[in-house]
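Sequence lines, in order, name chains X and E.
Take -7 as the starting number for the first sequence in my numbering and just add one per residue.
Take -7 as the starting number for the second sequence in my numbering and just add one per residue.
By construction, the Cβ of each residue, glycine as well, lies at the ideal position given by its N, Cα and C atoms.
Keep in mind that this is a model prediction, so the values were computed, not measured.
Notes for the one structure printed next.
Protein chains: 2
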Amino acid sequence: MASETSKRGKLYVVGLGPGNHEHMTFRAKDVLKEADTIIGYDTYVGLIEDLIAGKEVHRYPMTQEVDRANQAIDLADQGRIVCLVSSGDPGIYGMIGLVYEILAKRGWNRQDGLYVECVPGVSSLNSCAALVGSPLMTDFAVVSMSDLLVPWEIILKRVEAAAAGDYVTVIYNPASKKRIHQLKDTREIFLKYRKPDTPVAIVKGAYRDRQDIVVTDLSSMLNFPEMLGMITTVIVGNSSTFSYKEMMINPRGYASKYQLVENKD
Amino acid sequence: MASETSKRGKLYVVGLGPGNHEHMTFRAKDVLKEADTIIGYDTYVGLIEDLIAGKEVHRYPMTQEVDRANQAIDLADQGRIVCLVSSGDPGIYGMIGLVYEILAKRGWNRQDGLYVECVPGVSSLNSCAALVGSPLMTDFAVVSMSDLLVPWEIILKRVEAAAAGDYVTVIYNPASKKRIHQLKDTREIFLKYRKPDTPVAIVKGAYRDRQDIVVTDLSSMLNFPEMLGMITTVIVGNSSTFSYKEMMINPRGYASKYQLVENKD
Chain X
-7 MASETSKRGK LYVVGLGPGN HEHMTFRAKD VLKEADTIIG YDTYVGLIED
43 LIAGKEVHRY PMTQEVDRAN QAIDLADQGR IVCLVSSGDP GIYGMIGLVY
93 EILAKRGWNR QDGLYVECVP GVSSLNSCAA LVGSPLMTDF AVVSMSDLLV
143 PWEIILKRVE AAAAGDYVTV IYNPASKKRI HQLKDTREIF LKYRKPDTPV
193 AIVKGAYRDR QDIVVTDLSS MLNFPEMLGM ITTVIVGNSS TFSYKEMMIN
243 PRGYASKYQL VENKD
Chain E
-7 MASETSKRGK LYVVGLGPGN HEHMTFRAKD VLKEADTIIG YDTYVGLIED
43 LIAGKEVHRY PMTQEVDRAN QAIDLADQGR IVCLVSSGDP GIYGMIGLVY
93 EILAKRGWNR QDGLYVECVP GVSSLNSCAA LVGSPLMTDF AVVSMSDLLV
143 PWEIILKRVE AAAAGDYVTV IYNPASKKRI HQLKDTREIF LKYRKPDTPV
193 AIVKGAYRDR QDIVVTDLSS MLNFPEMLGM ITTVIVGNSS TFSYKEMMIN
243 PRGYASKYQL VENKD
């Protein structure tokens, strides 16, 4: 039994955080160290070059996610200790979904099948919020604008629900070269429910060298096309968000419910 | 100028992650090391006892958040290097909001005022998702059921919007000793929009010794009262979530949009 187990591979699906080693977890670094095989999108693998010297590395272009997941599972099944890496958190719009979908199709089970572990990380919502102030002190919705895998009508319906429900809204993948209308449509929907001066933060490349942040508002949010792209996240405030010196702040509750100076009374 | 700056204190508002050092970030550990003063809710401080030996430590009961935030700012203003600690991510329903609210009231500004840094961490939504499968592959809403600071009618309106918008929904603070009706009301709302067999995960004490996880469904979710409390998070699936051997899985997109075996063709 022991030798059977020791021969068996492992699959770690690892979140590297925003792409700067400081905001990676200890667990992520530990499993990268333990692994003999690294698989990932070329740019993500590039973020950890210094941590994976001497290991077998499979670099992929941005597409081919299904190939990546299948290869990771196959190599782990053959006894390799594999890290399938991505930036942020693989549990948020990340690779763990595809891995479990494929494993479920193969009849895998957690108890006596391949060891699979999702190593959570600091996702864009966590890192962008930390950089712009305190937008996520209240209920929030997270919506991806990518219509590659989800019909645009569904995304619109979700934006409408978030706007109507007064959710602070975190927008992943706000635009790409081929896709620029989404943020315009989204803004129109929010303007039906929120004031034009509602704070909006645009964060590009959080915690990376090229980090760029603008805190603007609903009326002006389309004036920064150079900020938009696949490493940009947009946060739209709700009715209680206020801007303060280039930050966006959400109070932790309704003003009537607490006093900021309660200790001074 | 240099001596002026070197005398000045710092305030780090630090997320410890789920409460187990493995899932803490390097940045969090580094700033804990740098600090001379630690402030936090007693239970959170207890999670890092081994990292803060020899430092001045201020432990608070669960309430008194305003006192905690004011003290942290005051001590940093006096030149101390302060870590105000909390579990999870201080940017998600955490202490950073109160800190910025108080600083804004005091007229602080980031450019030449006190150095303040929010150190993001792995929040409950990240850690619970990683433990139960892949629920957050699609758009999701995050709602706190605590009505201490937000009127219950507002929370109900948000739950309704999330249910109508087909959002996977992450519920923070689902219940406390005094508060048990919320999850019942919430379930009723979801049942208007989703099937009774929609997967629901209940995660208590993620990554802690007492961790306990149940994957159930909307119809049975109230049958686990012993799981509920302030360290419990509930995840309600959407129309595309399926359960698989005690896990909940969301596909990464609409089935028609991709093939799981595209590489085998």
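For T55 of chain E, the number of other beta carbons within 10 angstroms of its own is below 16, and it is reported as exposed. When 7 Å is used as the limit between beta carbons, S126 of chain X is near these residues of chain E: G83, I88, G89 and Y92, in chain order.
In the three-state reduction of the DSSP assignment, M239 of chain E falls in the strand class. Chain E has a Cβ within less than 7 Å of the Cβ of G157 of chain X. Under the DSSP assignment, V37 of chain X falls in the alpha helix (DSSP H) whose first and last residues are D34 to G38.
Counting only Cβ-Cβ distances below 7 Å, N101 of chain X has contacts in chain E at K237, in chain order. Straight across, the Cα-Cα distance linking L123 of chain X with G99 of chain X is about 42 Å.
Excluding five sequence positions before and after D34 of chain X, the CB atoms of its chain that fall closer than 6 Å to its own CB belong to R51, given in chain order.
Looking at the DSSP output, R19 of chain X bridges to nothing. Where G113 of chain E is concerned, there is no enclosing beta strand (DSSP E), because DSSP gives it neither an H nor an E. A residue is called buried when at least 16 other Cβ atoms come within 10 angstroms of its Cβ; R150 of chain X meets this threshold and is buried. Taking the CA atoms as reference points, E238 of chain X sits about 17 Å from T225 of chain X. Here DSSP, grouped into helix, strand and coil, assigns V91 of chain E to helix. Within 8 Å of the CB of R150 of chain E, the CB atoms of chain X belong to D131, G157, D158 and Y159, in sequence order along the chain.
Close to M16 of chain E, with beta-carbon spacing below 8 Å, are these residues of chain X in chain order: T17 and F18. Judged by DSSP in its simplified three-state form, P127 of chain X adopts helix. Residue state for T233 of chain E is assigned as coil, using DSSP reduced to three classes. The three-state secondary structure of P191 of chain E, taken from DSSP, is strand. The beta-carbon of V135 of chain X is placed less than 7 Å from the nearest beta-carbon of chain E. Taking a 10 Å sphere around the C-beta of I147 of chain E, we find 16 or more other C-beta atoms and assign the residue as buried. Taking a beta-carbon distance threshold of 7 Å, I163 of chain E does not count as an interface residue toward chain X. Beta-bridge analysis with DSSP links T208 of chain X to X:V192.
Looking at the DSSP output, K2 of chain X sits in a beta bridge with X:I73 and X:Y107. When beta bridges are read from the DSSP output, V49 of chain E appears opposite E:I30.
For P191 of chain E, no Cβ of chain X is located within less than 7 Å of the residue's own Cβ. As the crow flies, the alpha-carbon of V192 of chain X is around 20 Å from that of V91 of chain E. Put simply, the region 200 to 216 of chain X does not touch the region 98 to 114 of chain X. Fewer than three CB pairs are less than 8 Å apart. By the criterion of at least three beta-carbon pairs nearer than 8 Å, the region 67 to 79 of chain E is in contact with the region 26 to 42 of chain E.
Excluding residues up to 5 positions away in sequence, N165 lie with their Cβ nearer than 6 Å to the Cβ of S138 of chain E in the same chain.
Contact between the region 130 to 145 of chain X and the region 124 to 136 of chain E is present: three or more C-beta pairs spanning the two stretches fall below 8 Å.
Residue range V160 to Y164 is occupied by the beta strand (DSSP E) that includes Y164 of chain E.
Closest by C-alpha distance to K170 of chain X, out of X:N242, X:G221 and X:V142, is X:G221. Counting C-beta atoms within 10 angstroms of its own C-beta, R202 of chain X has fewer than 16 neighbours from the protein chains shown and is therefore classed as exposed.
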